[in-house]
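A short worksheet on the structure shown next.
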Amino acid sequence: EHQRSILLHSASRFSPPPGVKLSYGTAGFRADASLLESTVFRVGILAALRSIQTRSVTGLMITASHNQESDNGVKVADPSGGMLSQHWEPFADALTNAADPNTLLQLMDDFATKEKISLEGAYGGEVLLARDTRPSGVFLAEAAKQGITSIMGVSATDMGVMTTPQLHWMVRSRNNGMEASEHNYYDQLSSSFRCLMEYIPQGNRNNIVNDKLIVDGSDGVGGEKLEILKKMLSDLSIDVRNRGDGVLNEGVGADFVQKEKVVPRGFGPVDVGFRCASLDGDADRLVYFSIQSNSNKIVLVDGDKILSLFALFIKEQLNILTEEENGKVNKSYQARLGVVQTAYANGASTHYLKQLGLEVVFTPTGVKYLHEKASEYDIGIYFEANGHGTILFSESFLCWLEGKNNELSSTSKGSEQPKAALRLLAVSKLINQAVGDSLSGLLLVEAILKHMGWSMLIWNELYHDLPSKQLKVKVVDRTAVSTANAETVVVRPVGIQDAINAETAKYPQGRCFIRPSGTEDVIRVYAEASSQEAADSLANSVARLVD
Ligand code: 16G
Ligand code: ZN
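FYI, in full-length UniProt numbering the residues of the sequence shown are 3 to 549.
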């Protein structure tokens, strides 16, 4: 009874804006910040219920990532540190769209009964709460707190301004019984980076001098965090630009750089020849680029190429570990290595990865799908072309690796095998196991380039991207289009796929798909072909089919 009255009381202070219907979508609720207060309050309730049900810490992140500054959004981190369990999404939608406090309460009661969540306050639940640098994050965080604490026995721990991956990392660490402060995060990243640097092959050590990385922080949270992290690193010189003085995501950031393929604000001719990287607004995406002299065009090194670099390095270490020992192949553990991409992956990257002998699988767009698939492997590497990705290690593989390391460090001191084991262990600590993380991804790219003794130019030459083109078509109802086979085939409206096939067949190396966006009211078109003109033309003619 007490619980009911608390809820009714606090819910009455956060009424949903009339006529607005929001959906949890691919990555949480997103809208103009002025529309989100009641939604964030209600997501606070949801995160608290999830904490009670799982008897674990959950997370609530307030961000709209690469979207414009006036937008905001909210999403929940599950106890694993990953995305909210998909079977809770319909509840999130219903909760946020409930018209009044009584309906809200009824929905909660029904859901709690169905999911066997006891609202008696028996478990002291906890929700970690964070926000990006958007000004609207301040009042939205307040609404989140009210929502969380309106569930009896659940507390809200405000972590303040964090990157999205930092919050996910903290949730995961807390539930693994580890310390999870921001300092712990930097400590783990910097020490595992140092470990990788320590085991760089002798011949490549001297390349470390005079080599600078310039990072575009998208005027968001990533830049200021990287400033802290970089002070804990030697062997790496980083110059951070767009640290928050300009407008968030405006002409800057990973999304801009990847889609527009032009030089971001704050970069210019003096940066020609340097290795550059861009983060997005909440620092969960990373792309690299270099500036071509005398133009505002860039050479983009996207998520697919980061994935390829990671895959190459991991495979090399695995090969070392399973190399012949005393004339017999070491068969003690056959690690399953898998690579996960989406239809947006450049066809040349997929070809390259397969030709390395790797298993490549596809999922629909959205981190939750890629992450889930990657977790089926001993080592699962996933990346979206837009720069979101990470490497997941299975518990059993890490266990084996620890054992192998102990065994080798006494028997084959000084040889490459123990080093390979240590490198893989360091990667598993450096790379965020909860979600894609631009800061840890950046450190891993840097460490691998130094390990290989490669410039960005050599890295970029792993394969040549096929020219591609992306378009979006505004539609009234994007749900009219539905797809199958990881978004590569349209099943509805009937007939469109045949028309796309007919268009695509006209172009050498042509590939094309359409899909409804998970974040905007548009249908997206992607086309790839042997020349830029051909890719543009294919995209345009398929866009006309949709219109
Ligand atoms: C969200 C997704 C991202 C995906 C993008 C596609 C997460 C955390 N983020 O930003 O993975 O690439 O949506 O947007 O899942 P779209 O559906 O509008 O093309
Ligand atoms: Zn983001």
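Don't be surprised by glycine CBs; every beta carbon is placed ideally from N, CA and C.
Whether residue i touches residue j by CB criterion (9 Å)
| i | j | result |
| --- | --- | --- |
| I216 | F269 | yes |
| K214 | I240 | yes |
| S87 | R52 | yes |
| D273 | A387 | no |
| K431 | S193 | yes |
| V129 | G61 | yes |
| G389 | I383 | no |
| A312 | Q343 | One detail in the question is off: residue 312 reads as Phe in this sequence, not Ala. No, Cβ-Cβ distance for F312 and Q343 is not below 9 Å. |
| G443 | I308 | yes |
| A449 | I202 | yes |
| L48 | L97 | yes |
Whole-number beta carbon distance between residue j and residue i, since they are thought to touch under 8 Å
| i | j | result |
| --- | --- | --- |
| R480 | V524 | 7 Å |
| A66 | R136 | 7 Å |
| S310 | S351 | 6 Å |
| H68 | D257 | 4 Å |
| E91 | Y26 | 5 Å |
| Q319 | R425 | 5 Å |
| R517 | R526 | 6 Å |
Alpha-carbon spacing of residue i relative to residue j, whole angstroms
| i | j | result |
| --- | --- | --- |
| N298 | V265 | 5 Å |
| S519 | A541 | 16 Å |
| I8 | A146 | 15 Å |
| C197 | Y188 | 14 Å |
| G255 | D221 | 8 Å |
| G283 | S532 | 33 Å |
| V211 | Y290 | Confidence at V211 is low in this model, with a pLDDT of 47, below 50, so its placement is unreliable and the value that follows should be read with caution. Looking at the two C-alpha atoms, the distance is approximately 20 Å. |
| G497 | E144 | 49 Å |
| M63 | T490 | 31 Å |
| G162 | L400 | 33 Å |
| A501 | L547 | 8 Å |
| Q168 | D439 | 8 Å |
| D111 | R6 | 10 Å |
| G225 | T165 | 10 Å |
| W461 | T115 | 54 Å |
| Y335 | G405 | 11 Å |
| E71 | Q472 | 23 Å |
| I322 | F315 | 11 Å |
| V544 | K261 | 19 Å |
| G75 | H170 | 16 Å |
| S12 | S152 | 7 Å |
| I300 | S292 | 6 Å |
| G179 | N434 | 17 Å |
| A428 | Q190 | 10 Å |
| A345 | A182 | 35 Å |
| D549 | E522 | 16 Å |
| K356 | L464 | 13 Å |
Simplified DSSP assignment, three categories, for residue i
| i | result |
| --- | --- |
| residue 2 | Given a span of 3 to 549 for the chain in the structure shown, any question on residue 2 remains unanswerable. |
| T159 | strand |
| I216 | strand |
| D284 | coil |
| V211 | Unreliable positioning characterises V211 in this predicted model, as indicated by a pLDDT of 47, which lies under 50. The coordinate reading is nonetheless provided below. Coil at V211, not helix or strand. |
| L459 | helix |
| Q5 | helix |
| Y26 | coil |
| I202 | coil |
| Y465 | coil |
| E128 | strand |
| V254 | coil |
| L302 | strand |
| I47 | helix |
| S193 | helix |
| V265 | coil |
| F291 | strand |
| M85 | strand |
| F276 | coil |
| I153 | coil |
| R243 | strand |
| D80 | coil |
| A545 | helix |
| S40 | helix |
| F31 | strand |
| R133 | strand |
| S12 | helix |
| S17 | coil |
- Entirely enclosed alpha helix (DSSP H) segments - the region 472–539, minimum 4 residues: 498–506
- Message: Restricting to runs no shorter than 4 residues, where is the alpha helix (DSSP H) found entirely within the UniProt domain "Phosphoacetylglucosamine mutase AMG1" (304–456)?
- Response: 305–324, 349–357, 369–376, 397–413, 418–432, 440–454
- Unbroken beta strand (DSSP E) runs of length 3 or more, entirely within the region 51–78: which are they? 59–64
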